[in-house]
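Asker:
Residue numbers (my numbering): 39 to 155.
(1) DSSP on residue 115, reduced to helix/strand/coil?
(2) For residue 38 versus residue 92, is the C-beta distance shorter than 8 Å?
(3) Which residues mark the beginning and the end of the alpha helix (DSSP H) in which residue 87 is found?
(4) Tell me the rounded alpha-carbon separation between residue 72 and residue 97.
(5) Ordered along the chain, which non-local residues of its own chain (more than five positions away) have a Cβ less than 8 Å from that of residue 145?
(6) Tell me the rounded alpha-carbon separation between residue 75 and residue 131.
(7) Give the straight-line distance between the Cα atoms of residue 94 and residue 114, rounded to the nearest whole angstrom.
(8) With DSSP collapsed to three states, give me the class of residue 98.
(9) Which whole-angstrom value describes the C-beta separation of residue 87 and residue 128, a residue pair presumed to lie in contact below a C-beta threshold of 8 Å?
Structure below.
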């Protein structure tokens, strides 16, 4: 009998083949995803706090060294760019959390793609 072009190789099915340091690779991925989601939630929370309390940013050494003069000379444009930067920060971390969630869902799917020859 001729093998189908979509046959799964033996090493893909064997659980011993996918181990690193004695732990299955999928388990390592899921642990990494959990840590990544926690860090992304903290980053999003940090961004939300900086939106509601911009004075926290003004106490930082980065603000005093780089942005203080610009903030005093061009106040409106400074706060406009500040909000764009913070909203971008939140959006990037939200998108990262979505991709991590899709990765977790992808590792849990047990179906094999069907090839049409």
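Beta carbons: idealized from backbone N, C-alpha and C, even for Gly.
Answerer: Looking at the coordinates:
(1) Position 77 of the chain shown holds residue 115. When DSSP states are grouped into helix, strand and coil, residue 115 belongs to the helix group.
(2) This structure cannot speak to residue 38, because the chain is shown only from 39 to 155.
(3) Position 49 of the chain shown, counting from 1, holds the residue named residue 87. That run of the alpha helix (DSSP H) goes 63 to 90.
(4) Translated into the one-based positions of the chain shown, residue 72 becomes position 34. Translated into the one-based positions of the chain shown, residue 97 becomes position 59. Residue 97 has its alpha-carbon roughly 32 Å from the corresponding atom of residue 72.
(5) In the chain shown, residue 145 corresponds to position 107, counting from 1. Excluding positions up to five away in sequence, the list reads 64, 67, 68.
(6) Position 37 of the chain shown, counting from 1, holds the residue named residue 75. Position 93 of the chain shown, counting from 1, holds the residue named residue 131. Spanning the alpha carbons of residue 75 and residue 131 requires a straight line of approximately 9 Å.
(7) Here residue 94 corresponds to residue number 56 of the chain shown, with the count starting at 1. Here residue 114 corresponds to residue number 76 of the chain shown, with the count starting at 1. The alpha-carbon atoms of residue 94 and residue 114 are separated by roughly 18 Å.
(8) Numbered from its first residue, the chain shown carries residue 98 at position 60. Reduced to three states, the DSSP call for residue 98 is coil.
(9) Taking the first residue of the chain shown as 1, we reach residue 87 at position 49. Taking the first residue of the chain shown as 1, we reach residue 128 at position 90. Contact doesn't hold; Cβ gap of about 11 Å is too wide.
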